[in-house]
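Taken in sequence, the protein lines are chains H and E.
For the first sequence, this note's numbering begins at 1 and goes up steadily by one.
For the second sequence, this note's numbering begins at 1001 and goes up steadily by one.
Yeah, the Cβ is synthetic: ideal placement off N, Cα and C, and Gly gets one too.
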Amino acid sequence: MSTDRRRWLSGAGATLGGLFLAACDRLNANPQVTKVLQSAEGLTLRAQRLVTDRNALAREFPASEISPDFRANGTTSPSDEAYVSLAAGGFADWRLVVDGLVERPLSLTMAQLRAQPARSQITRHDCVEGWSSIGKWKGARLGPLLDQAGLKPQARYIVFYCADSLEMTLDGTGQYYESIDLIDAYHPQTILAYDMNDAPAPVKHGAPVRLRVERQLGYKHAKYVMRIEAVDDFSQIGRGRGGFWEDRGYEWYAGI
Amino acid sequence: MADKERPAKVMVYRHAAVTRATHWINVLAISMLLMSGLQIFNAHPALYWGQKSTFASPWLSMTAAERGGEPIGLTTLAGRSIETTGVLGYSGKVGAREPRGFPAWATIPSYRDLASGRRWHFFFAWLFVINGLVYLAMGLIGGHIRRDLLPTRAQLAPRRIWHEIVTHAQLKFPKGDEARVYNVIQKASYLLVILILLPLMLLTGLSMSPGFNATAPWLLDLFGGRQSGRTLHFISAGLIVAFIIVHVALVVLSGFWNNIRSMITGRYAIEVEETRS
């Protein structure tokens, strides 16, 4: 191949490549295209529901596998006033509220929560960014807690309201929250964890309580949980997609 | 060309419609998967072996560092670092450079956006899987894999293999009857990609799903943990890129338009040896 021809080809290649990238960026900004791409999400969810046993347990590891460097992401030190004053008092005034579509709303102190049926598990935490850390968690099982409050038949989802604002917004949609369905809520490994690696969970990992919903990505594991609400629909909460990161384009079903 | 006498050509029907269609769908799907995959990689541009991340000592990392007060890109593999400013670790237009694993021209979208990268990736992953299943099913039923891709006993003779390696290295391409079938190097590389690397992409991809892990923990054991799965996903993608580079180079060198036409219309021209002198 002559140098001229080679130069022409590489020039053409670079131009085509540039056009291709610009086209991809434009497509990415197009809501219609996003909708088409999102259709695969429904397929992924249904395919996983089809092949996976929804009660299968996430793998649990020996203590020797616990990460000495468990990474903390998202909010690592909430600056919200209410949280700061609770933390200053060692969470003595913290109450876990369970309400919404329940027969008997609850308001539990930490001592009461620690008296609930509990579970310990050493599991892997997979961040959507790609890294994994292994930690030991102990907490109250969510299922029995919901039974104590008595779910009404209309209840379909459990929403977790958190103490931290991960983004400053005027309408309050920067407040962290998450939601899961009842199958995940009643899964034996779904716990409200107050201990991490045999000590009270540190602030950066969600003190006083973080949700552990194993088998899903890290952002589902809401930290700084203040209130749990049973709902029939979450379209009126936050920006309507079921969670802080879901409202920002991530999947509600975080199984992959 | 014009000063020499043109050798006689015959047209043969080389690629079935299914092969042609699945080939081009694969070109699209793999390009999109690769570029959106690099976007996803950029969210945490480091790789590890085992179940979990060992943040202080990744096997591979692309980071921004500082040298003499200037930011530079640094790529570290198994403890050895090389400067990769402008491409890996730290890149962008001069004056607007930023820390990022792979550069903007290699990712979809070009700017940093993990949520979008994942949407593109999983959409084209489905296209890739469905397309691959159609190809394999038709290839098994129609006999394409057995007939065209499995090497014949004669082709596996050491002398014949050596001959193929030498002529390949000399960039001499088969003519006449020999050109009617894939040579043994072609067959071996196509089989490696189709039966090993591409399925490996799917399996290592699935091994990163915490949902799928609960159902199929054996997959994690097979790859040695989720972080090993992620690393193997990346290495396997790298090998596919290497294949594509060689494949495209050979397509160009062995008669670009003839190859392209055969993958579009199915018809491939073969130079037959002249019987007249």
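Check: Would the beta-carbon of E:Ser-1254 fall within 8 Å of that of E:Arg-1226?; Outcome: no
Check: Below 8 Å on the Cβ atoms is my contact criterion, and I expect E:Gly-1101 with E:Phe-1041 to pass it. Report the Cβ-Cβ distance as a whole number of Å.; Outcome: 6 Å
Check: Please state the DSSP three-state secondary structure of H:Trp-137.; Outcome: strand
Check: For a minimum of 3 consecutive residues, which ranges assigned as the beta strand (DSSP E) are wholly contained in the stretch 213-247 of chain H?; Outcome: 225-231
Check: Which runs of the alpha helix (DSSP H) at least 4 residues long sit entirely within the stretch 17-55 of chain H? Give them in chain order.; Outcome: 31-51
Check: Using only the alpha-carbon positions, how far apart do H:Tyr-52 and E:Phe-1212 sit?; Outcome: Sequence check: residue 52 of chain H is Thr here, not Tyr. If I take the Cα positions, the gap works out to 7 Å.
Check: Out of curiosity, what's the CA-to-CA distance linking E:Arg-1160 and E:Val-1246?; Outcome: 22 Å
Check: Determine the DSSP secondary structure at H:Arg-124, reduced to helix, strand or coil.; Outcome: strand
Check: Buried or exposed: H:Leu-211, going by 16 or more other Cβ atoms within 10 Å of its Cβ?; Outcome: buried
Check: Inspect the CB distances between the stretch 183-197 of chain H and the stretch 137-149 of chain H and report whether three or more fall short of 8 Å.; Outcome: yes
Check: So E:Gly-1073 is in the beta strand (DSSP E); what residue range does that whole segment cover?; Outcome: 1070-1077
Check: Any beta carbon from chain E within less than 8 Å of H:Asn-30's own beta carbon?; Outcome: no
Check: Can you tell me which of the three DSSP states E:Arg-1100 falls into?; Outcome: strand
Check: Taking the beta carbon of H:Ala-199 as the centre, do at least 16 other beta carbons fall within 10 Å, making it buried, or is it exposed?; Outcome: exposed
Check: Below 6 Å CB to CB, which residues in the same chain sit around E:Ser-1036 once its five sequence neighbours on both sides are set aside?; Outcome: Ile-1108, Gly-1117, Trp-1120 and His-1121
Check: Is E:Ala-1249 helix, strand or coil when you go by DSSP?; Outcome: helix
Check: Within 10 Å of its beta-carbon, does H:Met-168 have 16 or more other beta-carbons around it, so buried, or fewer, so exposed?; Outcome: exposed
Check: Can you grab the Cα-Cα spacing for the pair H:Leu-170 / H:Gly-243, in whole Å?; Outcome: 17 Å
Check: Does the distance from the C-beta atom of H:Tyr-176 to that of H:Tyr-83 stay below 8 Å?; Outcome: no
Check: Which residues in chain E sit within 8 Å of H:Asp-126, going by Cβ to Cβ distance?; Outcome: Met-1208, Pro-1210 and Arg-1226
Check: I need the straight-line Cα distance from H:Arg-241 to H:Ala-222, nearest angstrom please.; Outcome: 15 Å
Check: Please report the Cβ distance between E:His-1044 and H:Gly-130, rounded to the nearest whole angstrom; I am assuming they are in contact, meaning their Cβ atoms lie under 8 Å.; Outcome: 4 Å
Check: Please name the residue or residues paired with E:Ser-1285 in a DSSP beta bridge.; Outcome: Residue 1285 of chain E falls outside the range modelled here, since chain E spans only 1001 to 1277, and no answer is possible.
Check: My assumption, with CB atoms under 8 Å, is that E:Gly-1050 sits in contact with E:Ser-1228. Please give the rounded CB distance.; Outcome: 6 Å
Check: Please specify which runs of the beta strand (DSSP E), each continuous and at least 3 residues long, are wholly inside the stretch 139-180 of chain H, giving them in chain order.; Outcome: 157-165
Check: Given this structure, state the Cα-to-Cα distance separating E:Thr-1215 from E:Leu-1191, to the nearest angstrom.; Outcome: 29 Å
Check: Report the three-state DSSP secondary structure of H:Met-196 (helix, strand or coil).; Outcome: strand
Check: Mind checking which residues open and close the alpha helix (DSSP H) that includes E:Ser-1091?; Outcome: Not the alpha helix (DSSP H): E:Ser-1091 falls in the beta strand (DSSP E), residues 1089-1091.
Check: Would the stretch 87-105 of chain H and the stretch 1054-1074 of chain E be scored as touching if the rule is three or more Cβ pairs under 8 Å?; Outcome: no
Check: If you drop the 5 nearest sequence neighbours on each side, which residues of the same chain put their C-beta closer than 7 Å to that of H:Leu-19?; Outcome: none
Check: Check E:Met-1011 in the structure and name its three-state DSSP category.; Outcome: strand
Check: Using 8 Å as the cut-off, can you tell me whether the stretch 1169-1184 of chain E makes contact with the stretch 1148-1158 of chain E, which would need three or more C-beta pairs spanning the two stretches below that distance?; Outcome: yes
Check: Under 8 Å Cβ-Cβ, which residues of chain E neighbour H:Gly-17?; Outcome: Trp-1105
Check: Note down, one range per segment and in chain order, each alpha helix (DSSP H) of at least 4 residues found wholly within the stretch 1149-1214 of chain E.; Outcome: 1158-1169, 1184-1191 and 1198-1206
Check: Among the candidates E:Trp-1218, E:Ala-1237 and E:Ile-1194, whose CA atom is the shortest distance from the CA of E:Thr-1019?; Outcome: E:Ile-1194
Check: Would you report the Cα separation of H:Ala-23 and E:Val-1129, rounded to the nearest angstrom?; Outcome: 24 Å
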